[in-house]
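Numbering-wise, my numbering comes out as the position in the sequence shown, counting from 1, plus 89. One structure below.
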Amino acid sequence: MILDFKNVETGPGLWILNNQLLDDEVFIENIKKIIQEEVYSDFYFSSPLTWYDNLKYRFKRFAQVYSKDKQKEKNRDYYRIQNKLQEMSVKEANGVCINMNQYENSKFAEIEKIKCQGAILRSKAFFWSVDGDKNTAYFLQLEKQTTIKTYN
90 MILDFKNVET GPGLWILNNQ LLDDEVFIEN IKKIIQEEVY SDFYFSSPLT WYDNLKYRFK
150 RFAQVYSKDK QKEKNRDYYR IQNKLQEMSV KEANGVCINM NQYENSKFAE IEKIKCQGAI
210 LRSKAFFWSV DGDKNTAYFL QLEKQTTIKT YN
């Protein structure tokens, strides 16, 4: 018997709720609306398990869509700030005096910090980050190796 696993399609993978969404007031309000809508569903009394499964599915789907939209917005901000920094660097290199106080350094640094924290978490070496190891390149390499192993 010969098995060829190259043609096997993989699913979307394991989905885990981003706990940071629970601090987002807009997200919480929308979840409350979903619950209020589902309480009036026909399944609420007739088939509670079906109702609960449907509710979980709606939570998951909303969280996925909301997270993607929020991440797209963050990426737009990140690249906008990065482009500003590059423009200012070119101007400074050409001898134009630039006032760096107008630049959004704190927001850029915050976004970079969040990206690094995500890489640490996805690298499955989170326990090292808690102990104070700040070698981001190491965690990015672990994340890359994990991704390669997953898709090969």
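Note that beta-carbon positions come from the ideal geometry of N, C-alpha and C, so glycine has one too.
Between PHE148 and THR139 the beta-carbon gap is near 15 Å, outside 8 Å, which marks them as no contact. Looking only at ILE124, SER212, MET177 and LYS163, the smallest Cα-Cα distance to ILE200 is reached by LYS163. Contact check between the stretch 162-181 and the stretch 117-133: fewer than three CB pairs, one atom from each, fall below 8 Å, which does not count as touching. Between ILE209 and PHE228, the C-beta spacing is below 8 Å.
Inter-residue distance for ILE124 and TRP104 is about 21 Å (C-alpha atoms, whole angstroms). By the neighbour-count criterion, in which 16 or more other beta carbons inside 10 Å mark a residue as buried, SER135 falls on the exposed side. Distance from the CA of VAL115 to the CA of ASN183, rounded to the nearest whole angstrom, comes to 45 Å. When GLU98, TYR141, GLU232 and ALA226 are compared, the shortest CA-CA separation from SER212 is found for GLU232. Runs of the beta strand (DSSP E) spanning 3 or more residues and lying entirely within the stretch 132-157 do not occur at all. Closest in alpha carbon position to LEU111, among TYR155, ARG169, CYS186 and GLN230, is TYR155. In the three-state reduction of the DSSP assignment, LEU111 falls in the helix class.
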